[in-house]
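Participant:
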Amino acid sequence: MLAELMSLMPLWTLLVVLGITLLAGLVKGAIGFALPLIIVSGLSLVLDPLLALAGVILPALFSNVLQAGRHPVSEIKDAIREHWRFILMVCVMILIVAQIVVLLPQRAFYLILGVPVIGLSMVQLFGLRLAIPAHRRRVAEWVIGGLAGCTGGITGSWGPPTVLYLMALETPKARQMLVQGVIYSIGAVALVAGHVQSGVLNGVTFWFSALLLIPTFIGMQIGFRIGDRMDGERIRKVILIVLVVAGANLIRRGLMG
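Numbering (my numbering), first residue to last: 897 to 1153.
(1) Measuring alpha carbon to alpha carbon, tell me which of A1036, I1118, P968 and R1148 ends up nearest L887.
(2) Excluding sequence positions up to five away, which residues of its chain have a Cβ less than 8 angstroms from the Cβ of R1034?
(3) Could you tell me which of V1088, L1000, N1145 and V942 sits nearest to A950, measuring between CA atoms?
(4) My assumption, with CB atoms under 8 angstroms, is that Q963 sits in contact with G1083. Please give the rounded CB distance.
(5) Spatial neighbours of L922 within its chain, please: C-beta separation below 8 angstroms, excluding the five flanking residues on both sides.
(6) With a threshold of 16 other CB atoms inside 10 Å of the CB of G1023, please say whether the residue is buried or exposed.
(7) Give me the Cα-Cα distance between R1149 and A948, rounded to the nearest whole angstrom.
(8) Between which two residues does the alpha helix (DSSP H) containing D974 stretch?
(9) Can you tell me whether G1090 is helix, strand or coil according to DSSP?
(10) In or out: H1031 buried (at least 16 other Cβ within 10 Å) or exposed?
(11) Identify the continuous alpha helix (DSSP H) that holds F1104 and give its terminal residues.
(12) Taking 8 angstroms as the cut-off, decide whether the C-beta atoms of I972 and L1097 are in contact.
(13) For the alpha helix (DSSP H) containing I1028, name the first residue and the last one.
(14) Taking all protein chains shown into account, decide if V969 is buried (16 or more other Cβ within 10 angstroms of its Cβ) or exposed.
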């Protein structure tokens, strides 16, 4: 296994990758989101973007299950019943888009990755809010869920559209954390399935992604403690600004090579 991992990258690159993933886990534990965006955008600076996408798959699943698991089973079931249409569209679109990603040229992938990273980060940074009238809710669930699934299949993250959707429904903050954890967890299962089928997650990249579970777990434990003591809003804004810069660099690489 170690020899296979070393064939993917030199030791210095692996150390950088572990550091980026540790940071992503810390942020996830502190503010509850951004792990996939940080891992994919960060790892794409030193790795092939498809390998970066493979790396995020198991940490995304693990971190989201860990987040959702902090809530009672009865509340989890209730969240699924209420938002099943949104969840279904997220999963379906992740499965579809995951098959398309592997067909893209590398420079096109950098562009398609960079634009959502910037867009999703800017939406969060400037606090864009939608309003969904009661009679439009069902349509919104299908449409926004589909958009979230598309971004998830490309970047491994469907968090920002999910947050916009929940805020538009005026979901209480405590309830938002529960629903986000449920949607992220079920979507992460679809992400695993989609990229097993696409070949992004294979016999070699599986172990690479599994290795990243270690810094993810350590980072989240640190993040849980930081989140309880520090201003989460300030941390969130700093991380989003960094993601905008990282996304701009991905677009530069897509345009200039």
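Just so you know, even glycine gets a beta-carbon here, dropped at the ideal spot from N, CA and C.
Facilitator: On the basis of the coordinates in this document:
(1) Look at the range of the chain in this structure, 897 to 1153, and you will see that residue 887 is not part of it.
(2) Position 138 of the sequence shown, counting from 1, holds the residue named residue 1034. For R1034, where only same-chain residues beyond five positions count, the Cβ hits under 8 angstroms are R981.
(3) Locating residue 950 in the sequence shown gives position 54, counting from the first residue. Here the closest residue by C-alpha is V1088.
(4) Sequence index remark: in the sequence shown, residue 963 carries index 67 (1-based). Sequence index remark: in the sequence shown, residue 1083 carries index 187 (1-based). The pair is not a contact, with the Cβ atoms about 12 angstroms apart (cut-off 8 angstroms).
(5) The residue labelled residue 922 in the question sits at position 26 within the sequence shown. For L922, where only same-chain residues beyond five positions count, the Cβ hits under 8 angstroms are G1115, M1116, I1118, G1119 and I1122.
(6) Numbered from its first residue, the sequence shown carries residue 1023 at position 127. Flag for G1023 reads exposed.
(7) Position 253 of the sequence shown, counting from 1, holds the residue named residue 1149. Position 52 of the sequence shown, counting from 1, holds the residue named residue 948. C-alpha separation (whole angstroms): 15 angstroms.
(8) Locating residue 974 in the sequence shown gives position 78, where the first residue counts as 1. V969 to E978 is the extent of the alpha helix (DSSP H) around D974.
(9) As a first step, residue 1090 is located in the sequence shown; it is residue number 194 there, counting from the start. In the structure shown, G1090 sits in a helix (DSSP, three-state: H, G or I).
(10) Position 135 of the sequence shown holds residue 1031. The residue in question, H1031, is exposed, as its Cβ has fewer than 16 Cβ neighbours within 10 Å.
(11) Reading the sequence shown from its first residue, position 208 is the one you call residue 1104. Its alpha helix (DSSP H) spans residues T1101 to L1107.
(12) The residue given as residue 972 occupies position 76 in the sequence shown. The residue given as residue 1097 occupies position 201 in the sequence shown. No, they are not a contact pair.
(13) Translated into positions along the sequence shown, residue 1028 becomes position 132. Element bounds for I1028: n/a, residue is neither H nor E.
(14) On the sequence shown, residue 969 is found 73 positions in, with the first residue counted as 1. Flag for V969 reads exposed.
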